[in-house]
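In this text, residue positions in the sequence shown follow UniProt numbering: the first is 1, and each later residue adds one. Where is the CB? At the ideal position from N, CA and C, for every residue including glycine. All remarks here apply to the structure that follows.
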Amino acid sequence: MEIIKNLHSYLAYVVLAVLIIAVVNAIAGWLGKKDFTMHKDLRISLFALILSHIQLLVGLVLYFVSANGLKAIQTLGMGGLNAPARLLAVEHPFINIIALVLITIGWSRHKKFMESDRKFKTISIFYGLGLLLILSRIPWNQWFA
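Below, the structure is given as structure tokens:
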């Protein structure tokens, strides 16, 4: 279990970095009226999508085997969770699943457009919203403890 927890923690840094790069790249392409290229822009967005989904899968495994996930809810009940426990057992997984849904929608929608500005705009909005949601539910006190 410790391996899964460490993988989830360290992979989070990589996922955040790649998501930030993808969002910044999409905003720069959108505002800079650049062409959407397969070599750079598609790969950055796809890499962010893939890493985010891998992180979600690792997180779901951790949720079901960790004492801070489903077991905390089963043991304490929803009313028995304090704020830090509720963050780990409820808010963090739920909001991050929503974030991954937004990122996936952004990936799927961008493929429907032929115009570069619409591709960049779609990725900017959906990946950006997903990134904001992820950042809002990171247990920051554990990252810097």
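Original post:
Between Ala-72 and Ile-44, which are expected to be in contact by the criterion C-beta below 8 angstroms, what is the C-beta distance as a whole number of angstroms?
Top reply: Not really, about 36 angstroms apart at Cβ, beyond 8 angstroms.
**OP:** Below 7 angstroms CB to CB, which residues in the same chain sit around Asp-41 once its five sequence neighbours on both sides are set aside?
**Re:** Around Asp-41: Asn-25, Gly-29.
Original post:
Which residues in the same chain have their Cβ closer than 7 angstroms to the Cβ of Val-18, if we skip the five residues on either side of it in sequence?
Top reply: Correct list, in chain order: Phe-47, Ala-48, Leu-51.
Original post:
Are there 16 or more other CB atoms within 10 angstroms of the CB of His-92, so buried, or fewer, so exposed?
Top reply: With 16 or more Cβ atoms within 10 Å of its Cβ, His-92 is classed as buried.
Original post:
Nearest to Val-6 by CA position, among Val-58, Gly-79, Trp-107, is which residue?
Top reply: In the sequence on display, residue 6 carries Asn and not Val. The residue with the shortest Cα to Cα distance from Asn-6 is Val-58.
**OP:** Enumerate in chain order the residues of its own chain whose CB-to-CB distance from Ala-85 is below 8 angstroms, with the five nearest sequence positions on each side excluded.
**Re:** Counting only Cβ-Cβ distances below 8 angstroms, and skipping sequence neighbours, we find Asn-68, Ala-72, Leu-76.
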